[in-house]
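Participant: In full-length UniProt numbering, the protein residues as written are 1 to 578.
1) Expressed to the nearest angstrom, what Euclidean distance is found between the alpha-carbon atoms of residue 291 and residue 161?
2) Report yes if the C-beta distance between residue 513 and residue 532 is below 9 Å; otherwise report no.
3) Mind checking whether residue 397 and residue 176 have CB atoms under 9 Å apart?
4) Quick one: what does DSSP say residue 559 is sitting in, helix, strand or coil?
5) Find out if the Cβ-Cβ distance for the pair residue 499, residue 537 is shorter than 9 Å.
6) If you draw a straight line from the C-alpha of residue 283 to the C-alpha of residue 95, how long is it?
7) If you pair each beta-carbon of the region 303 to 313 with each one of the region 326 to 343, do three or more pairs fall below 8 Å?
8) Below 8 Å on the Cβ atoms is my guess for residue 264 versus residue 231; work out the distance and round it to an integer in Å.
9) Where residue 60 and residue 47 are concerned, what is the direct C-alpha to C-alpha distance, given to the nearest angstrom?
10) Grab me the residues of residue 345's own chain with a C-beta within less than 6 Å of its C-beta, minus the 5 sequence neighbours each way, in chain order.
11) Over the uninterrupted beta strand (DSSP E) stretch that includes residue 290, give me the two end residues.
12) Taking Cβ positions, are residue 222 and residue 199 nearer each other than 9 Å?
13) For the beta strand (DSSP E) that contains residue 309, what are its first and last residues?
14) Please look up how many angstroms separate the CB atoms of residue 206 and residue 218, rounded, as I've assumed it's under 8 Å.
15) Unbroken beta strand (DSSP E) runs of length 3 or more, entirely within the region 513 to 559: which are they?
16) Is DSSP giving residue 21 helix, strand or coil here?
17) Which full runs of the alpha helix (DSSP H) of 4+ residues lie inside the region 37 to 94, going along the chain?
18) Buried or exposed for residue 151, going by 16 or more other Cβ atoms inside 10 Å?
19) Is it a yes or a no for the region 244 to 256 touching the region 494 to 509, going by three-plus beta-carbon pairs under 8 Å?
20) Using beta-carbon positions only, say whether residue 313 and residue 339 come within less than 9 Å of one another.
21) For residue 318, tell me which candidate among 342, 576, 296 has the shortest Cα-Cα distance.
22) Based on Cα-Cα distance, which residue from 62, 147, 129 lies nearest to residue 86?
23) How about residue 280 and residue 429: do their beta carbons lie closer than 9 Å?
24) How is the beta strand (DSSP E) around residue 460 delimited, first residue to last?
25) According to DSSP, which residues form a beta bridge with residue 416?
26) Quick check: the region 396 to 415 against the region 174 to 194, are there 3 or more CB pairs under 8 Å?
27) What does the alpha-carbon distance come out to for the pair residue 65 and residue 491?
28) Measure the C-alpha to C-alpha separation of residue 439 and residue 25 and round it to an integer number of angstroms.
29) With residue 159 as the anchor, note down where its alpha helix (DSSP H) starts and where it stops.
30) Which residues share a DSSP beta bridge with residue 442?
31) Under the DSSP definition of a beta bridge, which residues are partnered with residue 177?
32) Residue 267 lies in the beta strand (DSSP E); which residues open and close that run?
33) Looking at the structure shown, is residue 218 part of a helix, part of a strand, or coil, going by DSSP?
34) Would you decide whether residue 103 is buried or exposed? Buried here means 16 or more other CB atoms lie within 10 Å of its CB.
35) Return the CA-CA distance between residue 443 and residue 111, expressed in angstroms with no decimal places.
36) Tell me whether the beta-carbon of residue 278 lies closer than 9 Å to the beta-carbon of residue 422.
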């Protein structure tokens, strides 16, 4: 060996460069897999398989169950009653044709198979909860894909429709398919059947503040007098705010204005890669704090009713905890609508937030600078694939039905993006580590605690929410010792909140918890909370009334002297960004 090489140490491996390569690889993989991590799925399969191999008793029980199911399926041919029934929310087999042979036999075979796989993938001793969720979820996706209702020559409804229409339903369905493929090929947001500012989001108002993150809308009063305490609405940043201002008949914002309240609402910027470094702290300071300052300057109010929907409610709770810590007493109350503050039980979304899955998703957001709306929408659709994917496929492509657009369906097409830095902080701080509930979430370098919040809460959960399960929302009772009115309403994450008076088949339960009251676990609460038919909105308005001062003349629109002049009519510009 040459003398000049004898003492030369090997150069260290450039780990940062390799990490950069890996992140780009993961981002490319994520675009192919819809954001699902192959390594997270592989780890879940190996965990499940290893524990199943080591449990011969479990395998024997499953084999015995398979034999019993086969006998039950055979007996169904002889007229025995069904051994398995669809779940109450499973409408794939509602058509009467499924009650007759051979379709009844096909349905029973599928339902028994579905039940068997649920037994095989859940409750396996030793498998981690996150891995069980992933295995159960992916198994269900495969079963849903191959359900007989999705196969045209096995679906009696499709067969009858084809016979009656002479095949024209399939011809129309193929035309629908080509239209959808053309929209997908354009790689641009789908056109909106109903336009915000024209058909939706038409409650009169003015944009009174615009910064690099929000527009603040002040709504025009519709009553001669208003309560002195205005309402500030904080919507989620993962959706356009006008879910709360759809059509005039079901607009929550219009309803509150009609009840004699001065209403302000935040409209979030739809970020691009240019805003990739926006942080959660920015959403607090440039979002909620900036809005509170403007509301107070315009209304002259000492107190403000804070209302947060979905993640907007989570963000508002963080802001309220920081305000309580710092002695800021501007909040009169907090209303949290389908908003989680404890994330130990985040419903089926938990399967997307294992550590491996989050790291994979983080790399995708890092490369793009944001999480795209279509990527997020795909995950939510998979959570309810029967309703949002396969049933739509059957009706649109096999039955040839045109979709009848509603205001909420149009809004659902108008999705938003999430900036990389903020959404990464949100996922790791809240979903993965549950820092808010456990007192570790930092605001201004110091942690905040929900225990410090002393204003009364009005908290709404919905019975069939698959995004923010009501039992998870109910955990606020364990995190704050104060005055909490908890409401459980019929419907899901969106439809349960947009539950205007007069909406058919609506009901809710409500129970107030005072500081001296005993805690009731969710199932116990369900048994003792009184049931009321109709919308929960009037109960909320009455609750706000009892925590507001006597009515006075409405404040002016904007306050130019304080720097909040009326910039343009509602709904503003940010809502139109796509």
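Built from N, CA and C at the ideal position, the CB exists for glycine as well.
Facilitator: This is what the structure holds:
1) 54 Å
2) no
3) yes
4) strand
5) yes
6) 48 Å
7) yes
8) 7 Å
9) 19 Å
10) 472
11) Not the beta strand (DSSP E): residue 290 falls in the alpha helix (DSSP H), residues 290 to 299.
12) no
13) 304 to 309
14) 6 Å
15) 531 to 533
16) helix
17) 38 to 53, 56 to 76
18) exposed
19) yes
20) yes
21) 342
22) 147
23) yes
24) 457 to 462
25) None, per the DSSP bridge assignment.
26) yes
27) 35 Å
28) 36 Å
29) 156 to 165
30) 447
31) BP columns for residue 177 are empty, so no partner.
32) 263 to 268
33) strand
34) buried
35) 50 Å
36) yes
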